[in-house]
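In the numbering used here, the protein residues as written are 4 to 270.
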């Protein structure tokens with residue numbers, strides 16, 4: 004099952020978190036990588052969250068003096084050491100692992116576990132922003148009373164995927180009730196693709212437009228697909244129906260598949 008690939012609890016996610024090679028290349032060891040939700044600077048001392056403290060001390064058995072990598076989502080990362088009083092930030096590492104073209108995924112709301120799988124994989128593949136849309140055929144609806152809690156969980160998933168994959172920036176995650184409100188807010192210069200089984204533009208032709216775009220937006224329907232009205236609406240907002248091969252993909256597979264192709268072209 005596709006959804007089974009995603010760890011189901013925060014603790015499971017933390018235990019599955021990958022380590023990253025030492026930036027100086029010395030030795031065969033590796034360094035744990037953590038996101039710190041505050042601006043970092045050389046010489047600062049920051050306090051890890053309770054969950055991070057538990058992960059470092061209890062799960063990974065780190066001791067005072069252990070080296071690790073921190074990043075704050077603003078680009079680049081920092082080497083740091085673990086001390087009794089917190090994390091001591093050392094030198095900044097100027098490194099860029101982001102796609103040169105920011106990619107926004109506009110995903111029709113499907114079942115929760117499938118959205119989570121998509122968020123995890125698309126973050127690993129470089130997506131810069133996600134908007135989940137409660138569209139006509141959405142199998143997940145989020146009333147106001149549940150929205151903040153669900154968005155918090157989704158943000159945690161993208162943070163942990165960013166930590167694991169070496170990202171230096173954290174994708175944003177938002178909810179919208181309609182496709183048109185999201186499409187209208189896209190900046191000028193955004194190349195807009197609508198992934199559709201009956202797309203009229205093959206990938207082999209469409210990919211050349213990436214060289215002239217400032218950003219890319221991918222619109223993906225829910226499990227039941229777009230309605231005809233939604234396709235018409237998105238086309239009015241200059242979305243081009245794109246064909247990405249002869250087979251029909253699941254809703255949660257489409258964005259990661261296209262992101263992998265975009266990454267291969269832009270790397």
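No residue lacks a Cβ here, since even glycine has one placed at the ideal position from N, Cα and C.
Contact between residue 175 and residue 74 does not hold, since the beta-carbon distance rounds to 16 Å and is not under 8 Å. In the structure shown, residue 249 falls within a coil segment according to DSSP collapsed to helix, strand and coil.
With 16 or more other Cβ atoms inside 10 Å of its own Cβ, residue 160 counts as buried. Taking C-alpha positions only, residue 113 is separated from residue 178 by approximately 13 Å. Taking residue 250 as reference, the option from 201, 173, 189 and 121 with the minimal CA-CA separation is 201. Only exposed fits residue 77, as fewer than 16 other CB atoms lie within 10 angstroms of its CB.
Straight through space, the alpha carbons of residue 252 and residue 131 are spaced by roughly 22 Å.
Counting C-beta pairs with one atom in each stretch, the region 147-158 and the region 206-226 have fewer than three that are closer than 8 Å, which means they do not touch.
The C-alpha of residue 102 is placed about 15 Å away from the C-alpha of residue 258. Residue 237 has its alpha-carbon roughly 15 Å from the corresponding atom of residue 140.
Per the DSSP secondary-structure output, residue 243 pairs in a beta bridge with 196. Cα atoms of residue 227 and residue 58: separation of roughly 40 Å, rounded to the nearest angstrom. Across the structure, residue 100 and residue 134 are spaced so that their CA atoms are roughly 22 Å apart.
Under the criterion of beta carbons closer than 8 Å, residue 187 and residue 240 qualify as touching, at roughly 7 Å.
Residue state for residue 235 is assigned as helix, using DSSP reduced to three classes. The beta carbons of residue 195 and residue 220 sit closer together than 7 Å.
Counting along the chain, the unbroken alpha helix (DSSP H) around residue 265 starts and ends at 254-269. For residue 118, the CB contacts under 8 Å within the same chain, skipping 5 residues up- and downstream, are 110, 112, 135, 143, 157 and 255 in chain order.
Considering only 45, 56 and 91, the residue with the shortest C-alpha distance to residue 97 is 45. Under the DSSP assignment, residue 182 falls in the alpha helix (DSSP H) whose first and last residues are 182-187.
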